[in-house]
Amino acid sequence: MNYSIFFNQSPYSLQKDEKEKLLNGFLSKLTKHHYNNCYEYKRILDALDYDLKESKKIADIPFLPVRLFKMENLFSISEAQINKTMLSSGTTGQSVSRIYIDKETSYNQSKVLTKIVSNFIGSKRIPMIIIDSPSVLKDRNMFSARGAGILGFSFFGKNKIYALNEKMELNHKKIIQFLEKHENKKIFLFGFTFIIYQHFIKELEKRNIKFDLSKSVLIHGGGWKKLENTSINSDEFQKMLNQYTGISYVYDYYGMVEQTGSIYMECEKGYLHSSIYSDIIIRRASDFTIANYGEKGIIQVLSVLPKSYPGHSLLTEDEGYILGEDDCECGRFGKYFKVSGRIKNAEIRGCSDTYE
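Counting from 2, one number per residue, gives the positions in the sequence shown under this note's numbering.
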């Protein structure tokens, strides 16, 4: 499969008709690829009486429940081709997803992540503060969701430091030295929402510490589930962050280890966006029919990236709603949407949500 058609275009450059034409053909080829190379996936499609010969629209491509990756080892490559294994987050006692990645898929994930994030913060590498502990990246062959996120976003940084030590304590002295060295420069900060709040913002508040990061940009993700008991929402999170650091450029994103790379970035207007590498469908919980714009339902995500495993069409355990397509005030084409939260009674899971 030729990915150059995606890499040679801006991530938000295609309007509905062009994007559908591109994704319809490519995702159909991916479906055939996984059917021919993953026995378990073939059995599922055969049980559904799915006809590979018919021309399919995006909405007709079968979706797998994301939880299936916690129950089965699914891959469309030989075991010898497995380059690394990605693990979803899971609290003690919970099973985790295992996502098997080969070198080609890993390269494409990095390439797409770079294209998407560069659209928001630029392509030039800048000094970076990772709001986490270096212990997350102990095993480079067995990545957690947090580790994968840190490694992926680290591409945009140079002279990187970790804001927290091995005990998840604030590296106050190291941060001060870093800021003195890069005074008056734009700095890139990355971390997971709960960890940023619990171990960075709350610690600054507790010790009445203020950093001048007014020229900086923060990208965070991993969900808000763990913050529900704190009554902290996105607006309050950004307000506290600005109070103690001066940061005003803050971007959230929606993504999961089961579709690493093709993340959904939050734009300047506060909406999450699909790119030319991905799409989103909202389905009604009652019968899985497609919901109308503005109607809340289960989020289905599609991505062109999963070639080493059959994860190109997944039904998540999250709820959300689409606001529109191609007409966001930020100027980017594609569907834009909001995530409402986890489906009721769904297994709790998230990059930062499972940190204890």
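Note that CB positions come from ideal geometry on N, CA and C, so glycine has one too.
>> Considering only their Cβ atoms, is the gap separating S155 from I130 smaller than 8 Å?
In response: With a cutoff of 8 Å on beta-carbon distance, I130 and S155 are scored as not near each other.
Beta strand (DSSP E) runs contained entirely in the region 192–235, provided each spans 3 or more residues:
Qualifying beta strand (DSSP E) stretches, in chain order: 218–222.
Less than 8 Å between CB atoms is the rule here; does Y294 satisfy it with respect to chain D? Absent from the structure is chain D; it holds one protein chain and no more.
inquiry  = Counting C-beta neighbours from all protein chains within 10 Å, is the total for Y40 16 or more, i.e. buried, or is it exposed?
reply    = Using a 10 angstroms sphere on the CB of Y40, the tally of other CB atoms stays under 16, which defines it as exposed.
Quiz item: I think G223 touches F195, with their Cβ atoms under 8 Å apart; what is that distance to the nearest whole Å?
Solution: Sure, about 7 Å apart at Cβ, within 8 Å.
Measuring only the C-alpha atoms, how far is S235 from E73? Distance between the alpha carbons of S235 and E73: 35 Å.
inquiry  = Assuming T86 is part of the beta strand (DSSP E), what are its boundary residues?
reply    = Element bounds for T86: 85–88.
### Query
Can you give, in chain order, each stretch of the alpha helix (DSSP H) that sits fully within the region 61–142 and has at least 4 residues?
The region 61–142 contains these whole alpha helix (DSSP H) runs: 104–122.
Can you list, in chain order, the residues of its chain whose CB lies under 7 Å from that of E330, leaving out five sequence neighbours each side? Cβ-Cβ distances below 7 Å link E330 to K270 in the same chain, with the five nearest sequence neighbours on each side left out; the list follows chain order.
_Selected residue, minimal CA-CA separation from R99, among Q110, S77, F70_ = Here the closest residue by C-alpha is F70.
**Bridge partners - L315, DSSP secondary structure assignment** = The beta-bridge partner set that DSSP reports for L315 consists of L65, V302.
Quiz item: Can the beta-carbon of A164 be found less than 8 Å from the beta-carbon of M87?
Solution: No, the pair does not count as a contact, with Cβ atoms beyond the cut-off.
| said: Do E206 and Y245 count as a contact pair if the criterion is CB distance below 8 Å? | reply: For Y245 and E206, yes; Cβs fall inside 8 Å.
task: Per DSSP, which residues does D253 bridge with? Please list them.
output: In the DSSP output, where bridge partners are listed per residue, D253 has H221.
Would you give the residue range spanned by the beta strand (DSSP E) that Y163 belongs to? Boundaries of the beta strand (DSSP E) harbouring Y163: 158–163, taken from the DSSP string.
So, helix, strand or coil for F338, using DSSP?
Strand at F338.
### Message
For F284, list the residues DSSP reports as bridge partners.
### Response
The identity of residue 284 in the sequence shown is Arg, whereas the question assumes Phe. By DSSP's assignment, R284 forms a beta bridge with I291, I299.
Original post:
Smallest Cα separation from K211: which of S279, G247, R343?
Top reply: Selected option, being the one with the closest Cα: G247.
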